[in-house]
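A short write-up of the structure that comes next.
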Amino acid sequence: MIYYRELSLDRASESRKDRAWLEQQWLRRQCRIFIVRNDKSLMCWNDRKRDAPEAIHFPKAEIGNLAEESEQLVFLGLDHLGPMFALDVSGHDDDALADYIGNNEFVDLRDVGWLLDSDQAAQLAYARGLLFWNRNHRFCGICGSPTQSENGGHMRRCTNSGCARMHFPRTDPAVIMLVEDRSKPNKPRCLLARNSRFPSRMMSTLAGFVDPLESLEETVAREVFEECGIKVGKIEYQASQPWPFPSSIMLGFRAEALTREIVVDGVEIEEAYWFEAEQLREFGEWGDDGDYFCLPRRDSIARYLVNSWADEILQG
């Protein structure tokens, strides 16, 4: 399973351009609103199981004046129950939000995303990413004038009539790849590495951002060689994942190693090794205590790439 991409909402891409239509959706009794503060989503915890959070949305009637007093309101889409919005309350402290917080809490989606229902995880990821972009693009990058939100938060327009530039949500493409060595058919191996930003013992696939005027395949080959000194040949696309932490799209690949000697760059990558599929079974989970290596987060496409490769090898 790949998290954050199972979004069942109708984004209503054309309808949301109509301000009157958006206002009608906001006034509907079935309207529901997610609340986000400083990139954290308000969640409740299942009383029967502490580690099973649930996303909270409020009906319009319970929001009161909070929407008018908050930084940004965005339209997410429609489902069978009605319209769904997200509200950025980053400027409000706990006292101002006491009626909404109660026994709930603001939680970083990255800490619990894999525990959520897949649709809820995708909805919260969408809300977080769109609100982050709006909060960080309040001024025009061309003339420096303030921008205003339009299209339900999916576009910002420069308020300077002499400029009036339209700005759209930014998505940064990044490749992420599992490199495999099949030089010994009976002992295939995959390359996993520890980035300098990772906790100790956490191993993952290699990844990197796409440079201007660079194909995805070129990025895969460049990043693998720069970070681990491995040259690759055949490169195959596997899957993609929206990654709103803060604004990427992860493009997953599998690459065939042509060389095997690992030479880490010592800057981004601190250590890297070849592993057989059987060895991966001994890995712990991210966040576990222990002395052995641990796998990438369960909500990451890196985990999907590793699991898919290991299952393919072990299941024959």
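Each residue of the sequence shown is one higher than the one before, counting from 355 in our numbering. Ideal Cβ positions, reconstructed from N, Cα and C, are used throughout, including at glycine.
Classified as buried, C385 has 16 or more neighbouring CB atoms from the shown chains inside 10 Å of its CB. In this structure, F599 keeps its C-beta atom at 7 angstroms or more from the C-beta atom of V574. DSSP places S472 in the uninterrupted alpha helix (DSSP H) bounded by S472 to R489.
Taken in chain order, the complete alpha helix (DSSP H) segments of 4 or more residues contained in the region 441 to 472 are 452 to 455 and 463 to 466. Distances from the CA of R519 to each of G495, L451 and R489 were compared; the closest alpha carbon is that of G495. The Cβ atoms of E360 and A476 lie closer than 7 angstroms to each other. If you check the CB distance, P527 and V586 do not come in under 7 angstroms. The C-alpha of G516 lies about 24 angstroms from the C-alpha of G506.
Looking from the CA of G644, the closest CA among D448, S554 and L484 belongs to S554. Within the same chain, Cβ atoms closer than 7 angstroms to the Cβ of Y480 are found at L361 and L430, the five residues on either side in sequence being excluded. Under the DSSP assignment, S569 falls outside any beta strand (DSSP E); it carries neither an H nor an E label. Spatial neighbours of R511 in its own chain (CB-CB distance under 8 angstroms, excluding positions within 5 residues in sequence) are listed in chain order as T501, Q502, E504, A518, R519, M520 and H521.
Of all C-beta pairs linking the region 406 to 425 to the region 379 to 393, three or more are shorter than 8 angstroms, placing the two stretches in contact. Note on E639: under 16 other CB atoms within 10 angstroms of its CB, so exposed under the neighbour-count rule. Just measuring C-alpha positions, the residue of S499, A406 and P523 sitting nearest T513 is S499. Bridge pairing for Q502: R511 [DSSP]. By the C-beta criterion, the region 527 to 539 is judged to be in contact with the region 555 to 562, since at least 3 inter-stretch pairs fall below 8 angstroms. Nearest in C-alpha terms to E630, of all of D665, E572 and L432, is D665.
In this model, N458 and C398 are separated by some 5 angstroms (Cα to Cα).
Taking 7 angstroms as the cut-off, the beta carbon of R492 is found no closer than this to the beta carbon of L463.
DSSP places V428 in the strand class (E or B) of the three-state scheme.
Minimum Cα-Cα distance from R548 among the listed residues L649, S662, L396 and S654 corresponds to L649.
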